[in-house]
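Each residue of the sequence shown is one higher than the one before, starting from 1 at the first, in full-length UniProt numbering.
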Amino acid sequence: MYGNGADYFVGAMVLGWSLKHRGRTQHDMVLLHTADVPVEFLDSLRRVWDCREVEYIRNVSTRLFLNFKGSRFKDVFTKLRVLELTEYSKVCLLDSDMLVRDNIDEIFDLQPPAALVRGTFPPRHGAKVPVTSFWSGHRQITGINGGCMLLEPSKEVFSCMMDEVSYYNNPAHWPTCGAEQEYLTRWYASRSHQQWSHISCRYNFQIHLNQYGSAEWHHYNCKTFPGVKILHYSGNLCSPFEFVTDVMIEHGFTVDETIAYIAEIPLVAHREQARQVQLQRELIEEKESPGARDPGNCIESSKKNGGGIGTLRHDAEIPDIGLRKAEALDESETENNEDTSELDFGKCLNHLSKEFPCTNPVRDAEAVIEWMLAFKDLISELPQVTDILHALRQEKQRLFEAALLENSEAEAAGLNTLDVFLWGSSFILSGKKQLASILILRDVSKGVTLVFWREAPKKCH
């Protein structure tokens, strides 16, 4: 664990609590952390973990990253410090965005290195994976998922890895999004005496995307995930940490209010799908008899409002399923294309279903609620965690009030643009004071701005 992010903190706390109380492990539970983890975090973490401080690993070739400057995983190679725990013959490395549902000690019966091998046709649990499975000619076509790995600590191996990853001109470096897991894939696969063993997705079930084409994945992929021992909340579509940071910390919800809010997501999604069907019917009718129509919740073009990327309208109900996508054109491009003056936010559902075929709002909500219930049990046992979150909320509120003041000064100066003040993952729209989660990505070369957003939550009564 590194840094002072609330999401990493609550993730590590829930993982440790679930490993101890639901997993009932008989093994040592060690948390590696860097020096910049706040003391108040560590006071709580030590109630669950054996905390050990390590140094960052930052002397890593940027050629291992697909986009180093924009990557949020720049320090991810720090996890290799686990190889220095030579007092253990084997270590099971777990990501902090996991929830243990049952005892997993049998993982130590496998031969290291072991991890889930990505792909449509995975081998059986514990089977050795030939090096040819990872390559097609000179091109790496698949690899392991580093969420749950069984490794054999070795200072010699660690030293060799550090020499290799720090050498910029190493011809074996391959730029990828998951730099450390692809590097580990190549490292062990290239050594005949250390072939990878496959870990079943029962021990690393990525809810949003995990071998969704395999029979094994479909066997466990239903509402209650029967037989799955570890749920992996990777990706943004079903992240419980956003509900802690966005809904609880930033908007003041209790755990029970947050759970009730999450439970409504599938219902809202169903209503939105029905709205999309109705919208398509209206479009067909309009072609037959042209007339004005209201596209519902949309972006109003910058041509109408004088802004750079448009303003958001909130006059229709939108499902709160992860972060949604809409496109807004630059003012110059809008002037040349009258048909793009209004863009429908509801298209997000079609986008999600195409890009993530295994997205299921009911199942995803059930998984997030299961994590939230574990979090509720945790804070009932360790109430100081709630105190930490309350202190974080107060700091967020202070920053938010400062942003409001700055926004008022900007409006007084006559700025007529879309003023976005980042507040954690929240923002305020000029003149609307609308809180929401947002991520703005701008592609200058194509003149397009991608807006991923979530509307501010409403408490359920």
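We treat Cβ as the ideally placed atom computed from N, Cα and C, and that holds for glycine.
ILE144 sits in a strand when the DSSP states are folded into three classes. Residues of the same chain with a CB within less than 7 Å of the CB of ASN170, apart from the 5 flanking positions on each side, are SER61, GLU164 in chain order.
The beta carbons of THR25 and ASP105 sit closer together than 8 Å. Just so you know, the alpha carbons of HIS390 and LEU399 end up roughly 14 Å apart. Counting only residues of its own chain and dropping the five nearest sequence neighbours on each side, VAL10 has a CB closer than 6 Å to the CB of VAL244.
For the set ARG202, HIS193, ILE388, GLY3, the Cα lying nearest the Cα of ARG124 is the one of ARG202. Shown here, VAL91 sits in a strand according to DSSP, grouped into three states. The criterion of a C-beta distance shorter than 8 Å is not satisfied by LEU85 and LEU15. Boundaries of the beta strand (DSSP E) harbouring HIS232: 230-232, taken from the DSSP string.
Per DSSP, the unbroken alpha helix (DSSP H) holding ALA365 starts and ends at 361-381. Around LEU392, the same chain offers ALA6, ILE249 as residues with beta carbons nearer than 6 Å, after the five sequence neighbours per side are excluded. A direct Cα-Cα distance of roughly 7 Å separates TYR188 from TRP196. Runs of the beta strand (DSSP E) lying entirely within the stretch 173-201, each at least 3 residues long, are 196-198 in chain order. Per DSSP, reduced to three states, the secondary structure at PHE225 is coil, with no helix or strand assignment. Contact check for MET29 against ILE230 fails: the beta carbons are separated by 8 Å or more.
In the displayed model, PHE68 falls within coil according to three-state DSSP, outside both helix and strand. Of the residues ILE388, PRO383, ALA402, ASP377, the one whose Cα lies closest to the Cα of SER18 is ASP377. Assigned with DSSP and collapsed to three states, GLU264 falls in coil, not helix or strand. Three or more beta-carbon pairs separated by less than 8 Å are not found between the stretch 122-137 and the stretch 51-61, which leaves the two stretches without contact. The beta carbon of THR185 is closer than 7 Å to those of PHE134, GLY143, ILE144 in its chain, skipping five residues each way along the sequence. Look at the stretch 9-86 and you find these whole runs of alpha helix (DSSP H), each 4 residues long or longer: 39-45.
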